[in-house]
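K.L.:
Dropping a structure here in structure tokens format, bear with me for questions.
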Amino acid sequence: MTYKKEYIASTHHPDEFWLKQARKIAWFTPPLKGCQKTDNGYFEWFKGGQLNTSYLALDHHVNNGRGDKTALIYDSPVTQTTQHFTYNELLTDVAQFAGGLSRLGVKKGDRVIIYMPMIPQAAIAMLACARLGAVHSVVFGGFAANELAVRIDDAKPVAIVTASCGIEGSKVLPYKPLVEEAIELAEHKPQACVLFQREQLTAELNENMDYDWNALVNASEPAPPVSVDATDPLYVLYTSGTTGKPKGVVRDNGGHAVALHYSMGAVYGIDEDDVFWAASDVGWVVGHSYIVYAPLIKGATTVLYEGKPIGTPDAGAFWRMIESHKINVLFAAPTAFRAIRKADPDAAFLSKYDTSSLRTLFMAGERLDPPTYYWASEKVGVPVIDHWWQTETGWPICSNPMGLEPMETKPGSSSVPTPGFNVKVLNSANTQQAIGEKGAIAIKLPLPPGCLTTIWQDHQRFVDGYLREFDGYYSTGDNGYVDEAGYVYIMGRTDDVINVAGHRLSTGEMEEVLAAHPAIAECSVIGVNDALKGQLPVGLVLLKDGVNIDEKALEQDLVQRVRDKIGPVACFKRAIVVNRLPKTRSGKILRKLLRQIAANESVAVPSTIDDPSSVKEIESIMREKGLVNETSTV
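One point on numbering: in UniProt numbering, the residue at position 583 of the sequence shown is 583, and numbering is uninterrupted.
As structure tokens, then:
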């Protein structure tokens, strides 16, 4: 099928389309129906079908004679360790650890929190939970104890699986004290804690509830896969909520497996002989979908990387990985390549490695600005694909469908809607916008398989947060437009639109202009309150390494560029050079936090922040420049 035919089939006849896709995975009991409306007015996929996600990812391939193929490659520059696991070996480890969890009383429907660094045991623990029909909730290793405690109280896990330490650059971060503090803070008390000892740091075990990973595995029998309903939950993944209480996004087993299997072929162009690397963390949805589950369900080889784009040891880290493991498709966040570009603008490290195995470079996590797109396209020499999705959707809403029909790439656009996602641009009256007109991006219900089914223990919050704004649609919370060719442009979150003297302007458009300046590595534009015009835009810019430029001259140049590209209506007059911007671990700039600082409000520092000290630093600079005042005039 061409993309257009496939997209029309998926949106006009979703039941028929997705049942056809469902037949491509190994069910214990195949579903007879696709989408059904639930008692609470939402939708569920493949009810009545029985399967096991761990079986799909491992046993199915072993049973089909592919057990000796490499399933997982672990590469850790921070420990200088590399491991390869065949499907046979990974199945043995997963079944054995599942047996250990079962021995501790973990059963179908129970929750298990996984608080781990980027080591193979994290993926093994996830697959072991899936094998038992238990619901896992992965929390970033190293998260603050109070944040872990909040998740313990919400998920109410039977057990916690952790490691003795994580490694951040050259620092060894002990995990056990954080876990103990979290359990002390939490009202709910898990029955057991399983700890994997790393040689960089060993932890003392509490004999009342702690179990050594290896000892537990050695004393246990391997566990068989438990049959679960397609609509049973596979995992709960917490994402930041506007109320301060994290939202537990619930993913089902059946829809998730069908959607991810489909996406590996249709979106990424991956087959079972390929090597796929998602340069993310299992604490993010990308790590769930495209490090652990999708590549293994497809039967490909997946890569798990314990390192950074730069500094482990240098800006050639990604290129070294591609050469070492013959990676065919790489998926990373734009911020990773901005960091590489900042440290190595001419990509001198790239010439040291053979990256000829790489076919495609995908980026997501935040908007791919055109300067980063052009730099990566020129230097790497393969198609660079911007695609857009969310924790809630679990797989891409929009992308260039490389496995169906590779299309023209348009810088600034995340390409076209993925089959299954009926994307519309709406105004506040719930009416579709004309071509090229900006509005709120929404997805017509039902959402395709693989998307969230509810918020853990709070379905009303799910309805209020996603379904209430536009009747019959899922509200993405993003702002953008669709061009005449059907390409979708995401301009930022709806709250990143500022009102300047009655004109609604996208800060994303201004960021695009600033980022095109040859001296700038990264930037953010926020709205600052103004007594006369309501809001005025301010640019916070990060210079490339080695750039020496007069800051006043740079500001004047940037002001003129915005005036030329967007017009005087933007009222852009200030651009401040900063040393760094506060970001999440996945590389998203914390624009809401910057707005709170500028408005002199109480700052809510999210648990996902990469370096909390960056907040004080940016606040100090903004105060020094006179940007922190509720009635400031820029």
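For glycine and all other residues, C-beta sits at the position ideal for the given N, C-alpha and C.
Closest Cβ-Cβ distance between I609 and chain C: below 7 Å?
P.N.:
Of the protein chains in the structure, only one exists, and it is not chain C.
K.L.:
How far does the beta strand (DSSP E) with T301 in it extend, from its first residue to its last?
P.N.:
Working through the sequence shown from its first residue, we reach residue 301 at position 301. That run of the beta strand (DSSP E) goes 301-305.
K.L.:
Across the segment 363-374 and the segment 301-317, are there enough close Cβ pairs to call them in contact, namely three or more that are closer than 8 Å?
P.N.:
Taking 8 Å as the limit for Cβ pairs, the verdict is that the segment 301-317 does not touch the segment 363-374.
K.L.:
Any idea what DSSP makes of F97, helix, strand or coil?
P.N.:
As a working note, residue 97 is residue 97 in the sequence shown. Correct three-state label for F97: helix.
K.L.:
In three-state terms, what does DSSP make of H517?
P.N.:
Within the sequence shown, numbered from 1, the residue matching residue 517 stands at position 517. Three-state result, H517: coil.
K.L.:
Please return the same chain residues whose Cβ sits closer than 7 Å to the Cβ of L90, not counting the five positions on each side in sequence.
P.N.:
Taking the sequence shown and counting its residues from 1, one reaches residue 90 at position 90. The residues are L58, A71, L72.
K.L.:
Using DSSP's beta-bridge definition, name the partner residues of A442.
P.N.:
Counting from one through the sequence shown, the residue named residue 442 turns up at place 442. Its beta-bridge partners are K424, S475.
K.L.:
CB-CB under 7 Å to E630, same chain, minus the five flanking residues each way: which ones, in chain order?
P.N.:
Stepping through the sequence shown from its first residue, residue 630 is reached at position 630. Here E630 scores only 47 on pLDDT, less than 50, and its place in the model is too uncertain to base an answer on.
K.L.:
Within the same chain, show all residues whose beta-carbon is closer than 8 Å to that of T86, passing over the 5 residues directly before and after it, in chain order.
P.N.:
Counting from 1 along the sequence shown, the entry for residue 86 is found at position 86. Closer than 8 Å at the Cβ level, and outside the excluded window around T86, lie G67, D68, K69, T70, A71.
K.L.:
Would DSSP call I322 helix, strand or coil?
P.N.:
Mapped onto the sequence shown, residue 322 falls at position 322. If DSSP states are grouped into helix, strand and coil, I322 belongs with the helices.
K.L.:
Would you tell me roughly how many angstroms separate the C-alpha atoms of D229 and T38, rounded to the nearest one?
P.N.:
To locate residue 229, count along the sequence shown from 1; it is residue 229. To locate residue 38, count along the sequence shown from 1; it is residue 38. If you take the alpha carbons of D229 and T38, they lie about 15 Å apart.
K.L.:
Going by beta carbon distance, what residues of the same chain come within less than 6 Å of F140, once the five residues before and after it are set aside?
P.N.:
Residue mapping note: residue 140 aligns to position 140 of the sequence shown, counting from 1. Here the set comprises G283.
K.L.:
Helix or strand or just coil, what does DSSP make of D212?
P.N.:
Counting from one through the sequence shown, the residue named residue 212 turns up at place 212. The answer is strand: DSSP assigns D212 an E or B state.
K.L.:
So the candidates are S289, E306, P419; which of them puts its Cα closest to the Cα of T79?
P.N.:
Working through the sequence shown from its first residue, we reach residue 79 at position 79. If we check each option's Cα against that of T79, E306 comes out closest.
K.L.:
Report, in whole angstroms, the separation of the C-beta atoms of P222 and Q96, which I expect to be a contact under 8 Å.
P.N.:
Position 222 of the sequence shown, counted from the start, is the residue given in the question as residue 222. Position 96 of the sequence shown, counted from the start, is the residue given in the question as residue 96. Yes, P222 and Q96 are in contact; Cβ-Cβ is about 5 Å, under 8 Å.
K.L.:
Please state the DSSP three-state secondary structure of A599.
P.N.:
Position 599 of the sequence shown, counted from the first residue, corresponds to residue 599. A599 falls in the coil class under three-state DSSP.
K.L.:
Cβ of N146 within 7 Å of Cβ of L185?
P.N.:
Here residue 146 refers to the residue found at position 146 of the sequence shown. Here residue 185 refers to the residue found at position 185 of the sequence shown. In this structure, L185 lies closer than 7 Å to N146 by Cβ.
K.L.:
Can you check the segment 223-301 for any beta strand (DSSP E) of at least 3 residues that lies completely inside it and give the ranges in chain order?
P.N.:
Listed in chain order, they are 233-239, 247-252, 275-278.
K.L.:
When the Cα atoms are used, what is the spatial distance from W277 to G534?
P.N.:
Here the question's residue 277 lines up with position 277 in the sequence shown. Here the question's residue 534 lines up with position 534 in the sequence shown. Roughly 45 Å between the two C-alpha positions.
K.L.:
Helix, strand or coil, according to DSSP, for R522 in the structure here?
P.N.:
For the purposes of this step, residue 522 is taken as residue 522 along the sequence shown, with counting starting at 1. A small correction: the amino acid at residue 522 is Glu; Arg does not occupy that position in the sequence shown. In this structure, E522 counts as strand in the three-state DSSP scheme.
K.L.:
Just to confirm, are D478 and R493 a CB contact at a threshold of 7 Å?
P.N.:
Residue 478 sits at position 478 when you count from the first residue of the sequence shown. Residue 493 sits at position 493 when you count from the first residue of the sequence shown. Taking 7 Å as the Cβ cut-off, D478 and R493 qualify as a contacting pair.
K.L.:
Would you kindly work out how many angstroms separate the C-alpha atoms of residue 636 and F331, rounded to a whole number?
P.N.:
As displayed, the chain neither begins before 1 nor continues past 634, which places residue 636 out of reach and without an answer.
K.L.:
Measure from the alpha carbon of L540 to the alpha carbon of each residue in I589, G567, I566, then state which is nearest.
P.N.:
Position 540 of the sequence shown, counted from the first residue, corresponds to residue 540. Measuring from the Cα of L540, the nearest candidate turns out to be I589.
K.L.:
Among the candidates G133, I327, V525, whose CA atom is the shortest distance from the CA of Y353?
P.N.:
Taking the first residue of the sequence shown as position 1, residue 353 is located at position 353. Checked all of G133, I327, V525; the closest Cα to Y353 is I327.
K.L.:
Compare the C-alpha of residue 720 against each of V547, P411, R111, L178 and name the closest.
P.N.:
Nothing in the structure corresponds to residue 720, since the chain is present only between 1 and 634.
K.L.:
Closer than 7 Å by C-beta to T239: which residues in its own chain qualify, once you throw out the five before and the five after it? Chain order, please.
P.N.:
Within the sequence shown, residue 239 is the residue found at index 239, counting from 1. The answer, listed in chain order, is P246, K247, V249, T391.
K.L.:
Taking the straight line between their C-alpha atoms, what separation do you get for K298 and G99?
P.N.:
Reading the sequence shown from its first residue, position 298 is the one you call residue 298. Reading the sequence shown from its first residue, position 99 is the one you call residue 99. In a straight line, the C-alpha of K298 is about 25 Å away from that of G99.
K.L.:
Give the single residue among T507, A604, C571, T453 whose Cα lies nearest to the Cα of V236.
P.N.:
Reading the sequence shown from its first residue, position 236 is the one you call residue 236. Closest option to V236, Cα to Cα, is T453.
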